[in-house]
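Q: As they're listed, the protein sequences go chains A and B.
Following our numbering, the numbering of the first sequence begins with 1 at its first residue and continues without gaps.
Following our numbering, the numbering of the second sequence begins with 1001 at its first residue and continues without gaps.
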Amino acid sequence: KNQVEQSPQSLIILEGKNCTLQCNYTVSPFSNLRWYKQDTGRGPVSLTIMTFSENTKSNGRYTATLDADTKQSSLHITASQLSDSASYICVVSANRGSTLGRLYFGRGTQLTVWP
Amino acid sequence: DTAVSQTPKYLVTQMGNDKSIKCEQNLGHDTMYWYKQDSKKFLKIMFSYNNKELIINETVPNRFSPKSPDKAHLNLHINSLELGDSAVYFCASSQFIGPYEQYFGPGTRLTVT
């Protein structure tokens, strides 16, 4: 069964600190993995997208890693800011047959950054 | 602005009513989607259309009927609304069907009373 699990469910950190969010998946056949940021009341916005051959990708203070062998990914946020408070969603795409184009969503990690 | 837009942003209605949510994308994309996000923030795909043709139809009640008049529009019509339909509905689009980047609209918060 194609699933995406994220941890922790929620996280509170102080402004300026770093944090790491985790994502494990069982989606097959794997095509790519994305991290989305969803601000309250808004639609998800893509942060990074990684294919099978990529094991790290950065977007400013966001760095995503991918281990396709263990089917794990992490999103590291450096020097957090208040505006980082949001839900971070791990999304895995399958690439063949009836699953073509389908995205499998994790339930997200709700990050709160306190001043 | 190039974007995915949805109307209305908020929709409050009573059980049993019929309502529609409209979605438009001006990105020139071939593929459009409808997602439902429940109170626990879990996003789940409902439908996907590619060039006006239905590609994905999850186990959604047949009270939900998507309509794509052209590839820039994918509207969602819901008949006989139920309390459990209360959620945020997101429209999205991607350039083609497959593992392409999806761009999401701002969402429509539907509340059924």
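Note that beta-carbon positions come from the ideal geometry of N, C-alpha and C, so glycine has one too.
Beta-carbon of PHE1090(B) versus every beta-carbon of chain A: anything under 8 Å?
A: True, the Cβ-Cβ gap to chain A drops below 8 Å.
Q: Would you say LEU1074(B) and SER1020(B) are within 8 Å of each other, going by their C-beta atoms?
A: Not closer than 8 Å, so no.
Q: Applying the 10 Å Cβ sphere with the 16-neighbour rule, what's the burial state of VAL4(A)?
A: Counting Cβ neighbours within 10 Å, VAL4(A) comes out buried, since at least 16 surround it.
Q: Thinking C-alpha only, which one of GLY1107(B), GLU1082(B), ALA1072(B), ASP1085(B) is nearest SER1094(B)?
A: Answer by Cα proximity: ALA1072(B).
Q: Hey, does ILE1021(B) have any beta-carbon neighbour from chain A nearer than 8 Å?
A: No, no contact with chain A.
Q: Would LYS1040(B) count as contacting chain A if we go by Cβ distances under 8 Å?
A: LYS1040(B) counts as touching chain A.
Q: When the Cβ atoms of the segment 1020-1034 of chain B are set against those of the segment 1090-1109 of chain B, are three or more pairs found closer than 8 Å?
A: Verdict: yes, contact present.
Q: Kindly indicate if chain B contains any beta-carbon less than 8 Å away from that of GLY60(A).
A: So, not an interface residue.
Q: Should SER53(A) go down as buried or exposed, given a rule of 16 or more other Cβ atoms within 10 Å for buried?
A: Its Cβ having fewer than 16 others within 10 Å, SER53(A) is exposed.
Q: DSSP on LEU1074(B), reduced to helix/strand/coil?
A: Note: LEU1074(B) maps to strand in three-state DSSP.
Q: Is it buried or exposed for MET1015(B), if we count other Cβ within 10 angstroms and need 16 for buried?
A: That one is exposed.
Q: In this structure, does DSSP put ASP69(A) in helix, strand or coil?
A: Reduced to three states, the DSSP call for ASP69(A) is coil.
Q: So that I know if they touch, is there some Cβ in chain A lying closer than 8 Å to that of GLN1102(B)?
A: Yes, contact with chain A.
Q: Where does VAL1012(B) land, buried or exposed, given buried means 16+ other C-beta within 10 angstroms?
A: With fewer than 16 Cβ atoms within 10 Å of its Cβ, VAL1012(B) is classed as exposed.
Q: Is it the case that the CB of MET1032(B) approaches a heavy atom of the ligand MG more closely than 7 Å?
A: In the structure on display, the ligand MG does not appear, and there are no ligands present to speak of.
Q: At the level of alpha carbons, what is the spacing between GLU1058(B) and GLY16(A)?
A: Approximately 42 Å between the Cα atoms of the pair.
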